[in-house]
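Note that UniProt numbering gives residue 2 to position 2 of the sequence shown, counting from 1, and the numbers run on in steps of one.
In this text, a Cβ means the ideal position worked out from N, Cα and C, and glycines have one as well.
Data block below; observations after.
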Amino acid sequence: LHMSHVDHWVPIASIAKFKRTRKFQCLGRKWLVDSPRQNVKVGIDAEGHNNRKAPIDKTVVEQ
Numbered sequence: 001l002h003m004s005h006v007d008h009w010v011p012i013a014s015i016a017k018f019k020r021t022r023k024f025q026c027l028g029r030k031w032l033v034d035s036p037r038q039n040v041k042v043g044i045d046a047e048g049h050n051n052r053k054a055p056i057d058k059t060v061v062e063q
């Protein structure tokens with residue numbers, strides 16, 4: 001899914017349609033946006049419409 005976008009962003013609306021996330025729809029869209037923001041491995045755009053994996057910090061990997 002992320003390969004269809006040049007910058008690898010995936011719309012939150014698409015993620016909300018995944019079978020695993022349907023059970024969380026009752027918590028609202030705000031929860032679907034705020035929950036991944038707590039994860040350092042996921043990036044959410046400023047508007048809260050798209051997400052993607054955060055870039056790997058190569059300095060940590062090399063240590």
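- Secondary structure note for VAL33: its alpha helix (DSSP H) is the uninterrupted segment 29-37.
- Within the same chain, and ignoring the five residues on either side of GLN25 in sequence, the residues whose Cβ sits closer than 7 angstroms to its Cβ are ALA16.
- The beta carbons of ILE12 and ASN39 sit no closer together than 8 angstroms.
- Only buried fits VAL33, as 16 or more other CB atoms lie within 10 angstroms of its CB.
- Membership of LYS53 in any alpha helix (DSSP H) is not indicated; the residue belongs instead to the beta strand (DSSP E) covering 50-53.
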